[in-house]
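Here's the structure, in structure tokens; my notes come after.
Numbering (the working numbering), first residue to last: 1 to 500.
Right, dumping it as structure tokens:
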């Protein structure tokens, strides 16, 4: 199963390396920068505690949105009241002292028209403030780190733009101070949340840069996380699709994990109703509403989608029909065969179930060896004759209804030509009259794709974006879902996470 519910492992390993590290997290409003920064406090193994400095949100608002933070975080929302400074400190504060000295001398401001600096008043060109309490929020962060040293801490600045504006100084100067004192001098880690996306002049100041963006794909929200750099850390995957579903950030790894659990018997997923049967995938049933008897369902699968995903989709559908004693007539994708399908699904079925309930259409090959007893020939001249439904019924006398007609159109077009769908009117009419289920698998480049979509009551798309497989409904219309597979139960279970 793909690693789910976590920040990318490369980012975690970056922070868990010895020494201090800094990361700039940038993106437009609503892309999940704060969620990322706060969730990072949960997932860092070697950093035991974190300090959150926010110029944008109150303590209570923060905890209302992220209730799990109460036991994890030590918040430090902007407070300008004086705090005593310890006489002896372990944390390096040379750069901070220099900056505060310049502020007290009136030498440091973002522009000449600044009205206040760290809560101080500007009168007649002079700054009036309490000596030693010029940057109380930053002082509090230093005190927090100092109280935990030599243990490692994580300081979150959200956002550095707002804090710099509050102080009336340049954001680059704040980052330089924290970088010199906390990261380089005291070997602590800092996350700078930066408003706005795209390349900025501040990017070079951080050890790492991560960009969060919200775009669209086919009119649906698409979130993309880009790791622009992680100094000293090898990055295996630079772009991730991610979601903020349930108030948590989940980045989707491009590769599926290996199947480590031995195959187990398939447990049939119940039908939604007497007129609708299950796909065998609960999460897909919730999106589609199931497979309506007597109707056509189209799955449009991009060529970039790994073959395993199609195999596991076929496995779930076929096993769920067979586990309920129903018949299956299948035209497999190209290079597929009855024997390959047997190897795919038989480990999840009772002995003899595959032989009793599944028929696989194969094209006739001259000089072919032993033919599977579950194979029906496609002669290649008349598709209605070759796929005749009464012939399927004859070979599946022990099977109950409804039957599943699962047809891969790349194979059908290679045997019968691009106009194969027009020649299947008899098959489609018989499936409708028998209240069986017809599921067609097509690619976007297939000549049958648009025609099948017009006939279908449900059209589902499977695509690969930045290495992550996504699913969305055209009919019915749905948002984007990231697809992963869980084999922990010994059978393929699809996990569909909405990208919101």
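We put the beta carbon where it would ideally sit given N, CA and C, even for glycine.
A straight-line Cα-Cα distance of about 28 Å links residue 294 and residue 340. For residue 193 and residue 289, the gap between their C-alpha atoms comes out near 41 Å. Going by C-alpha positions, residue 279 is about 23 Å away from residue 262.
Contact between the stretch 421-434 and the stretch 386-395 is established, with three or more Cβ pairs separated by less than 8 Å. The DSSP-derived three-state label of residue 498 is strand. In the same chain as residue 438, and ignoring 5 residues on each side of it, the C-beta atoms closer than 6 Å to its own belong to 296, 405, 431, in chain order. Under the three-state reduction of DSSP output, residue 477 falls in the coil class, being neither helix nor strand. Annotated three-state conformation of residue 456 is coil, per DSSP.
In the DSSP assignment, residue 298 falls within the unbroken beta strand (DSSP E) covering 296-301. Note that the C-beta distance between residue 244 and residue 32 is below 8 Å. In the structure shown, residue 486 falls within a strand segment according to DSSP collapsed to helix, strand and coil. Taking 8 Å as the upper bound for CB-CB distance, residue 357 and residue 328 are in contact here, some 6 Å apart.
Under the 8 Å Cβ criterion, the stretch 199-215 does not count as touching the stretch 100-108, having fewer than three qualifying pairs.
Nearest C-alpha to residue 349 among 333, 330, 319, 377: 319. Counting along the chain, residue 215 sits inside the beta strand (DSSP E) bounded by residues 208-217.
Residue 395 carries a helical assignment under DSSP once its states are collapsed to helix, strand and coil. Approximately 17 Å separates the beta-carbon atoms of residue 409 and residue 376; this is outside 8 Å, ruling out the contact.
In the DSSP annotation of this structure, the continuous segment of the beta strand (DSSP E) that includes residue 239 starts and ends at 239-243.
If you check the CB distance, residue 206 and residue 24 come in under 8 Å. Residue 415 and residue 421 have their C-alpha atoms spaced approximately 12 Å apart.
The beta carbons of residue 241 and residue 223 sit about 6 Å from each other, so the pair counts as a contact at 8 Å. Assignment of residue 248 by DSSP, reduced to helix, strand and coil, places it in the coil class. The continuous stretches of beta strand (DSSP E) do not include residue 204, and DSSP gives it neither H nor E. Residue range 353-357 is occupied by the alpha helix (DSSP H) that includes residue 357.
For residue 430, the enclosing alpha helix (DSSP H) begins and ends at 425-433.
With 16 or more other Cβ atoms from the protein chains shown falling within 10 Å of its own Cβ, residue 374 counts as buried.
DSSP lists 194, 211 as the bridge partner or partners of residue 26. From the listed residues 458, 403, 457, 11, the smallest Cα separation to residue 251 is found for 11.
Looking at the DSSP output, residue 49 shares a beta bridge with 153. C-alpha of residue 443 to C-alpha of residue 401: approximately 29 Å in a straight line. Looking at 38, 498, 53, 42, the one whose alpha-carbon comes closest to that of residue 65 is 38. Looking at the DSSP output, residue 472 sits in a beta bridge with 461. If the five residues before and after residue 448 are omitted, its C-beta is found closer than 8 Å to the C-beta atoms of 409, 412, 413, 418, 420, 421, 440, 442, all from its own chain and listed in chain order. In the DSSP annotation of this structure, residue 66 is not part of any alpha helix (DSSP H), being labelled neither H nor E. Just measuring C-alpha positions, the residue of 238, 171, 326, 183 sitting nearest residue 395 is 326. Under the DSSP definition of a beta bridge, residue 400 partners with 326.
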